[in-house]
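Down below is the structure, laid out as C-alpha cells.
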Amino acid sequence: MARYAMAVYERATEAVLPGEMYGLFNIYIKKGAEIYGVPKTRQIYEKAIEVLTEENAREMCLRFAKMETKLGEIDRARAIYAYCSQMCDPRVTAEFWQTWKEFEVRHGNEDTMREMLRIKRSVQATYNTQVNMMSAQMLSAVSNVSGTVAEFAPGAKDGMRMLEAKAAQMAHLERPAQ
C-alpha cells in the first residue's frame, strides 16, 4: 500500500501544473519521510531540485542541506550548497550566502570557508558577465542608426565599447553638476 502511494506521488510530480509542483513535492517529501524514513527523501529532493523553478529549487536545496546537516552528513550538505550556489546571484540572494557562511562557521574550517568564498566570487563574476552582456545588447538595440561611415569602423558595434562610451558620456554630464 505504501509503495503504491509513493508511486502515485511520483506520477503526480510529472502531471501536476508547474504552479502546484512545489506544494506537491512538499507533500511527497513529508509522506516519504513518514513511510520510509528521512534518508529515503534524498531521491525526492534531488528530483524536486531538477524540475522546480529556480526560486523553489533554492528553497528545496536549503531544506535538503538542513536535513543532511541534521543527519550528520556535512559533506553532502556542503555539496548541496555548492550546487545551489550556481543559481544564487549574491546581490539578490544574500540570505542563501549568509546561510552557507553560517554553516561553514559551524561545521567547516578555514579551507571550506575559503572555498565557499571562491565559489561566491565565481558566481558573482558569472552574473556580472550576464548583466554586462544584457546591457550591451540593450544599448545596441537602442542606439540610433545614422548610416555614417564611422559605423563601419572596426569595433564600432562592439557592445563593451558602446558601454564604455555611454559611461564616459554620463560621467562627463555629471561633472559640471558637482
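Going by this note's numbering, the letters in the sequence shown line up with residues 1371 to 1548, in that order. Note that CB positions come from ideal geometry on N, CA and C, so glycine has one too. Because the structure is a prediction, the values reported are computed rather than measured.
Test item: CB-CB of residue i and residue j under 9 Å
i	j	result
A1377	Y1406	no
T1383	V1421	yes
I1489	S1455	yes
R1428	M1391	no
A1412	F1395	It is worth fixing the name first, because residue 1412 is Arg in this sequence and not Ala. Taking 9 Å as the Cβ cut-off, R1412 and F1395 do not qualify as a contacting pair.
P1388	T1423	yes
V1408	L1441	yes
Y1451	M1508	no
L1432	T1469	yes
I1397	Y1379	yes
Proximal residues to residue i (C-beta, below 6 Å), its chain only, five neighbours per side dropped
i	result
H1477	I1444
T1439	A1447
I1399	T1411, I1414
N1327	The requested residue 1327 is not part of the displayed model; the chain covers only 1371 to 1548.
V1386	L1394
Opening and closing residue of the alpha helix (DSSP H) in which residue i lies
i	result
K1410	Per DSSP, K1410 belongs to no alpha helix (DSSP H) and is neither H nor E.
D1459	No alpha helix (DSSP H) holds D1459; DSSP gives it neither H nor E.
L1387	Per DSSP, L1387 belongs to no alpha helix (DSSP H) and is neither H nor E.
M1353	Nothing about residue 1353 can be read from this structure; the chain reaches only from 1371 to 1548.
E1443	Looking at the DSSP string, E1443 is not in any alpha helix (DSSP H), and its letter there is neither H nor E.
Contacts around residue i, its chain only, beta-carbon distance under 7 Å, and the 5 residues preceding and following it disregarded
i	result
E1534	none
G1402	M1376, K1410, T1411, I1414
S1516	The pLDDT assigned to S1516 is 48, lower than 50, so where the model puts this residue is not dependable; a value taken from the coordinates is nonetheless given after this. Nothing listed; no residue qualifies.
Cβ neighbours of residue i in the same chain (closer than 8 Å, five flanking residues each side left out)
i	result
Y1497	D1459, P1460, R1461
V1493	S1455, Q1456, C1458, D1459, P1460
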